[in-house]
Structure formats: structure tokens, C-alpha cells
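Numbering (my numbering), first residue to last: 63 to 162.
Ideal Cβ positions, reconstructed from N, Cα and C, are used throughout, including at glycine.
Source: prediction; values computed, not measured.
These notes concern the structure reproduced below.
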């Protein structure tokens, strides 16, 4: 989980009705700092590819997903990682993905 005061995932969620969304967002880190180049993929409970977003220059990413279990796959030059996550309606799930 991120303890930083910055807006994780990029654009503010101020105008988004969170009660109607399941949000998965976070920051990809490599070598102890945000990874400015890469992608994060969203795979469903059957490990099927569902979506992909590029990370921001600060390593941030965000998905609006259906409630349920998901796998995130972070891909940055020379490294990759996977993380299991559960999305819930009305919740924002914040993650720090560490790639080595």
C-alpha cells in the first residue's frame, strides 16, 4: 500500500462515483524508485488477459474493474512481476508493485 500523499494512478478521482466502481491502482517500482516506462496488464480469475495500461512517468497505473479476483502483471524493461488482487465495488485498492 502506498503511504504517499500524491494522487496514485494519475488523474484525480474527485468526479468519479466510487460507490459504483471497483478501482485497482498503484505505482510500479524498480530499483527503489517509480518505473517511468512500462505497462501493467490485468488478467481475470482464469489468468486471461483483459486490459493493459501504460504506466505514467511516475510509475502510476489505474484500472476500473469488475468486482472479483484479478492478477496484475507489471512489465518494465528488463523486469516483470505478478500480483494477485481482489477488487470490491465501492473500494479503491492501492498497490505498490515491486519489479526486480
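Does the distance from the C-beta atom of residue i to that of residue j stay below 8 Å?
{"i": "residue 113", "j": "residue 125", "result": "yes"}
{"i": "residue 80", "j": "residue 140", "result": "no"}
{"i": "residue 78", "j": "residue 102", "result": "no"}
Using a Cβ-Cβ cut-off of 7 Å (strictly less than) and excluding sequence neighbours within five positions of residue i, which residues of its own chain qualify?
{"i": "residue 110", "result": "none"}
{"i": "residue 127", "result": "84, 86, 104, 149"}
Looking only at its own chain, which residues have a Cβ that is under 8 Å from the Cβ of residue i, when we skip the five neighbours before and after it?
{"i": "residue 142", "result": "135, 136, 161"}
{"i": "residue 150", "result": "84, 129"}
Measure the alpha-carbon distance for residue i versus residue j and round it to whole angstroms.
{"i": "residue 119", "j": "residue 159", "result": "15 Å"}
{"i": "residue 129", "j": "residue 97", "result": "27 Å"}
{"i": "residue 94", "j": "residue 88", "result": "15 Å"}
{"i": "residue 131", "j": "residue 122", "result": "21 Å"}
For the beta strand (DSSP E) that residue i lies in, which residues bound it at each end?
{"i": "residue 113", "result": "111-116"}
{"i": "residue 93", "result": "Residue 93 -> no beta strand (DSSP E), and no H or E assigned at all."}
{"i": "residue 23", "result": "Past the edges of the chain, shown from 63 to 162, lies residue 23, and the structure says nothing about it."}
{"i": "residue 145", "result": "141-149"}
{"i": "residue 122", "result": "122-127"}
Under 8 Å by Cβ, that's how I've got residue i and residue j pegged, so tell me the actual separation to the nearest angstrom.
{"i": "residue 155", "j": "residue 85", "result": "7 Å"}
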